[in-house]
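Number of protein chains: 2
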Amino acid sequence: MSTLRERIGWQDAGPNSAMPIYLRLREAFKSAIQRGDLQPCDALPGERDLAVSFNVSRVTIRKALSGLVESGLLNQRQGSGTYVCAGPNRVEQALSRLTSFSDDMRLRGLEPSVVWLKREISHATPRQAMRLSLSPNETMCRLKRLRLANGTPMAIETAVVSTRHLSDPYLVENSLYAVLEIDRLSFLDNGAPIEFTHSWYRGDAYDFVAELTLRTTTND
Amino acid sequence: MSTLRERIGWQDAGPNSAMPIYLRLREAFKSAIQRGDLQPCDALPGERDLAVSFNVSRVTIRKALSGLVESGLLNQRQGSGTYVCAGPNRVEQALSRLTSFSDDMRLRGLEPSVVWLKREISHATPRQAMRLSLSPNETMCRLKRLRLANGTPMAIETAVVSTRHLSDPYLVENSLYAVLEIDRLSFLDNGAPIEFTHSWYRGDAYDFVAELTLRTTTND
DNA sequence: GAGTGGTCTAGACCACCAT
DNA sequence: TGGTGGTCTAGACCACTCA
Numbered sequence: 001m002s003t004l005r006e007r008i009g010w011q012d013a014g015p016n017s018a019m020p021i022y023l024r025l026r027e028a029f030k031s032a033i034q035r036g037d038l039q040p041c042d043a044l045p046g047e048r049d050l051a052v053s054f055n056v057s058r059v060t061i062r063k064a065l066s067g068l069v070e071s072g073l074l075n076q077r078q079g080s081g082t083y084v085c086a087g088p089n090r091v092e093q094a095l096s097r098l099t100s101f102s103d104d105m106r107l108r109g110l111e112p113s114v115v116w117l118k119r120e121i122s123h124a125t126p127r128q129a130m131r132l133s134l135s136p137n138e139t140m141c142r143l144k145r146l147r148l149a150n151g152t153p154m155a156i157e158t159a160v161v162s163t164r165h166l167s168d169p170y171l172v173e174n175s176l177y178a179v180l181e182i183d184r185l186s187f188l189d190n191g192a193p194i195e196f197t198h199s200w201y202r203g204d205a206y207d208f209v210a211e212l213t214l215r216t217t218t219n220d
Numbered sequence: 221m222s223t224l225r226e227r228i229g230w231q232d233a234g235p236n237s238a239m240p241i242y243l244r245l246r247e248a249f250k251s252a253i254q255r256g257d258l259q260p261c262d263a264l265p266g267e268r269d270l271a272v273s274f275n276v277s278r279v280t281i282r283k284a285l286s287g288l289v290e291s292g293l294l295n296q297r298q299g300s301g302t303y304v305c306a307g308p309n310r311v312e313q314a315l316s317r318l319t320s321f322s323d324d325m326r327l328r329g330l331e332p333s334v335v336w337l338k339r340e341i342s343h344a345t346p347r348q349a350m351r352l353s354l355s356p357n358e359t360m361c362r363l364k365r366l367r368l369a370n371g372t373p374m375a376i377e378t379a380v381v382s383t384r385h386l387s388d389p390y391l392v393e394n395s396l397y398a399v400l401e402i403d404r405l406s407f408l409d410n411g412a413p414i415e416f417t418h419s420w421y422r423g424d425a426y427d428f429v430a431e432l433t434l435r436t437t438t439n440d
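Protein sequence lines correspond, in order, to chains A and B. Just so we're aligned: 196 in our numbering is position 196 of the first sequence, and the numbers increase by one with no gaps anywhere. Just so we're aligned: 432 in our numbering is position 212 of the second sequence, and the numbers increase by one with no gaps anywhere.
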């Protein structure tokens, strides 16, 4: 049984501590999760205990964890605890943000709904095959749906997914990504791209913010 | 001359203060910026002064402001101050995030470069005309470029912009959005969508995170 | 050197969840 | 009821910017 300090590879501030404590802590936890030293569904000690363990204040612990909660690596539930959400599963993590349409609408008191415009299987175009590293005769599910809030069209989403990962477009009800999760392990190991989603959003009703983050591959 | 409390429409916690102070403060500042009561380039008072003005601690002020900094409405510079970044310019705000490719690469010690695959003017397709609320014979700039880091292809971006907003595709060098900013006022007032960008990213090298936020139109 | 944001502390009270 | 995360405070020191 190793201590948490060991599991996340923590060392007290050396002379080379240019980074603030909360960032060093955040990176240490992040690395431990990505290495697998902290497993999904693991519960972290309480914030007060963490503060004692690492000789910092609870505020610093919270600042360290908050970034990981925001990026989806951790999950905090008031009254319950802090839990590891997911390993280095960047595809599922990234796409999970896109499922929030329904949640977003409901949070604002609007009733979300979906009209399916297309659900079919066809061959990949040469371009898609090239981009997604597929053989030219690979079959693809093509999904297209209109998203509404209180009956008002808000977005059109088009998704193309290899049938290797989604065998039947009619498996998808509300969340494409919930279905894809089933296949998580099969396509995450090699990191190959598996899906492309293409969306139009109402410019007068949405902020659309996209962020890119280069994946930092840690070898240790 | 009105006080800052008045400009952001602040009122001390009434009995109906279900939201925490830092969120109410954040919303008040956000609304003031979007209404134009706080203008771009305006400097905010120092955090210590704000804390006194609103009868809260500096930590609470910082927590309120941090969300606005993160979403690009405010800009903080150590040793200098806090400044209003942009008005209710959601198109420019959203797209500005996408310009970060070069910055991202450089931050990580990689040299970004661009290979143009297409820069042309043609007519809008019927579908595009419909989606972007254009007349059917509207002309569009079509831009397609390959993004590289240290010579390795990392992303392909395709952008389609009405010539009303971008007269010549050769005006675009590195940042499409820098060029579009010139036209900012002309297309932001009506909130019409003006552009569609379509990008492929290397699944093995990128995290791609997209967030949607419903625009909350505050009338007061 | 005065003022700014960036970090950090030790303590407090609350709402919530579990048992 | 005891532990959890969520919020908030008053104060401190630092690095930085700018005149």
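The beta-carbon is built from N, C-alpha and C at its ideal position, and this holds for glycine as well.
Grab the span of the alpha helix (DSSP H) containing residue 272 of chain B for me, first residue to last.
-> Within the second sequence, the letter at position 52 stands for residue 272 of chain B. Secondary structure note for residue 272 of chain B: its alpha helix (DSSP H) is the uninterrupted segment 267-273.
Nonlocal neighbours in the same chain, by C-beta distance under 8 Å from residue 282 of chain B, ignoring five residues either side | Locating residue 282 of chain B in the second sequence gives position 62, where the first residue counts as 1. Closer than 8 Å at Cβ, skipping near neighbours: 267.
I think residue 221 of chain A touches residue 26 of chain A, with their Cβ atoms under 8 Å apart; what is that distance to the nearest whole Å?
-> In the structure as shown, chain A starts at 1 and stops at 220, and residue 221 of chain A therefore has no counterpart that could be examined.
For residue 242 of chain B, I'd like the list of residues in its chain whose CB is within less than 7 Å of its CB, leaving aside the five on either flank, ordered along the chain.
-> For the purposes of this step, residue 242 of chain B is taken as the residue at position 22 of the second sequence. Same-chain partners within the cutoff: 280, 283, 284.
What residue range is occupied by the uninterrupted beta strand (DSSP E) comprising residue 294 of chain B?
-> As a working mapping, residue 294 of chain B is identified with position 74 in the second sequence. Per DSSP, residue 294 of chain B belongs to the beta strand (DSSP E) from 294-297.
Could you tell me which residues DSSP pairs with residue 340 of chain B in its beta bridges?
-> For this step, residue 340 of chain B is matched to residue 120 along the second sequence. According to DSSP, which records beta bridges pairwise, residue 340 of chain B is partnered with B:362.
What number of angstroms, rounded off, separates the C-alpha of residue 362 of chain B from the C-alpha of residue 37 of chain A?
-> Here residue 362 of chain B refers to the residue found at position 142 of the second sequence. Here residue 37 of chain A refers to the residue found at position 37 of the first sequence. Taking the straight line joining both Cα atoms gives about 47 Å.
Thinking C-beta only, is residue 4 of chain A closer than 8 Å to residue 45 of chain A?
-> Within the first sequence, numbered from 1, the residue matching residue 45 of chain A stands at position 45. Within the first sequence, numbered from 1, the residue matching residue 4 of chain A stands at position 4. The answer is yes: Cβ separation under 8 Å.
Cα-Cα, which of A:49, A:56, A:121, A:41 is closest to residue 11 of chain A?
-> In the first sequence, counting from the first residue as 1, residue 11 of chain A sits at position 11. Here the closest residue by C-alpha is A:56.
Near residue 296 of chain B, which residues of its chain fall below 6 Å by C-beta distance, leaving aside the five closest residues on each side in sequence?
-> Translated into the one-based positions of the second sequence, residue 296 of chain B becomes position 76. Once the five neighbours on either side are set aside, the close Cβ partners of residue 296 of chain B are 289, 302.
Would you kindly check if the distance between the Cβ of residue 84 of chain A and the Cβ of residue 33 of chain A is under 8 Å?
-> Working through the first sequence from its first residue, we reach residue 33 of chain A at position 33. Working through the first sequence from its first residue, we reach residue 84 of chain A at position 84. In contact: residue 33 of chain A and residue 84 of chain A (Cβ atoms closer than 8 Å).
From the DSSP output, in three-state form, read off residue 301 of chain B for me.
-> Taking the first residue of the second sequence as position 1, residue 301 of chain B is located at position 81. Residue 301 of chain B: strand per DSSP, three-state reduction.
Report buried or exposed for residue 250 of chain B, applying the criterion of at least 16 other Cβ atoms within 10 angstroms of its Cβ.
-> As a working note, residue 250 of chain B is residue 30 in the second sequence. Classification of residue 250 of chain B: buried, given that the 10 Å Cβ count is 16 or more.
Just how far apart, CA to CA, sit residue 424 of chain B and residue 240 of chain B?
-> The residue you call residue 424 of chain B lines up with position 204 of the second sequence. The residue you call residue 240 of chain B lines up with position 20 of the second sequence. Model confidence at residue 424 of chain B stands at a pLDDT of 34, short of 50, so the residue's coordinates are unreliable and nothing is read from them.
Burial state of residue 448 of chain B (16 or more Cβ within 10 Å) | Outside the modelled stretch of chain B, which goes from 221 to 440, sits residue 448 of chain B, for which no answer is possible.
Secondary structure at residue 238 of chain B, three-state DSSP: helix, strand or coil?
-> Here residue 238 of chain B refers to the residue found at position 18 of the second sequence. If DSSP states are grouped into helix, strand and coil, residue 238 of chain B belongs with coil.
Give the DSSP-derived three-state secondary structure of residue 264 of chain B in the structure shown.
-> As a first step, residue 264 of chain B is located in the second sequence; it is residue number 44 there, counting from the start. Here residue 264 of chain B sits in strand by DSSP.
Give the straight-line distance between the Cα atoms of residue 338 of chain B and residue 119 of chain A, rounded to the nearest whole angstrom.
-> Translated into positions along the second sequence, residue 338 of chain B becomes position 118. Translated into positions along the first sequence, residue 119 of chain A becomes position 119. Roughly 31 Å separates the two Cα atoms.
Cα-Cα separation between residue 291 of chain B and residue 259 of chain B, rounded to whole angstroms | Within the second sequence, the letter at position 71 stands for residue 291 of chain B. Within the second sequence, the letter at position 39 stands for residue 259 of chain B. Each residue's Cα considered, the two are about 16 Å apart.
To which residues of the same chain is residue 58 of chain A closer than 7 Å at the C-beta, ignoring the five residues directly before and after it?
-> The count along the first sequence starts at 1 and reaches residue 58 of chain A at position 58. Spatial neighbours of residue 58 of chain A in its own chain (CB-CB distance under 7 Å, excluding positions within 5 residues in sequence) are listed in chain order as 47, 48, 51.
Can you give me the Cβ contacts of residue 263 of chain B inside the same chain, cut-off strictly under 6 Å, excluding the 5 residues immediately before and after it?
-> Sequence index remark: in the second sequence, residue 263 of chain B carries index 43 (1-based). Within the same chain, residue 263 of chain B has close Cβ partners 301, 303.
Have a look at residue 281 of chain A and residue 28 of chain A and give me their C-alpha separation to the nearest angstrom.
-> With chain A running from 1 to 220 in the structure shown, residue 281 of chain A is simply not present.
Under the three-state reduction of DSSP, which class applies to residue 36 of chain A: helix, strand or coil?
-> The sequence position of residue 36 of chain A within the first sequence is 36, counting from 1. Residue 36 of chain A: coil per DSSP, three-state reduction.
Which listed residue (B:226, B:360, B:341) has its alpha carbon closest to that of residue 273 of chain B = To locate residue 273 of chain B, count along the second sequence from 1; it is residue 53. It is B:226 whose Cα lies nearest to the Cα of residue 273 of chain B.
Between residue 261 of chain B and the rest of its own chain, which residues show a CB-CB distance below 7 Å, the 5 nearest in sequence each way excluded?
-> Your numbering for residue 261 of chain B matches position 41 in the second sequence. Correct list, in chain order: 303, 304.
From residue 2 of chain A to residue 255 of chain B, what distance separates their C-alpha atoms?
-> Numbered from 1 along the first sequence, position 2 holds the residue referred to as residue 2 of chain A. Numbered from 1 along the second sequence, position 35 holds the residue referred to as residue 255 of chain B. Answer to the nearest angstrom: the Cα atoms are 55 Å apart.
Per DSSP, what kind of secondary structure is residue 281 of chain B in: helix, strand or coil?
-> Start at 1 with the first residue of the second sequence, and residue 281 of chain B comes out as number 61. Reduced to three states, the DSSP call for residue 281 of chain B is helix.
Excluding sequence positions up to five away, which residues of its chain have a Cβ less than 6 Å from the Cβ of residue 24 of chain A?
-> Taking the first sequence and counting its residues from 1, the one referred to as residue 24 of chain A is at position 24. When the five nearest sequence neighbours on each side are left out, no beta carbon in the same chain lies closer than 6 Å to the beta carbon of residue 24 of chain A.
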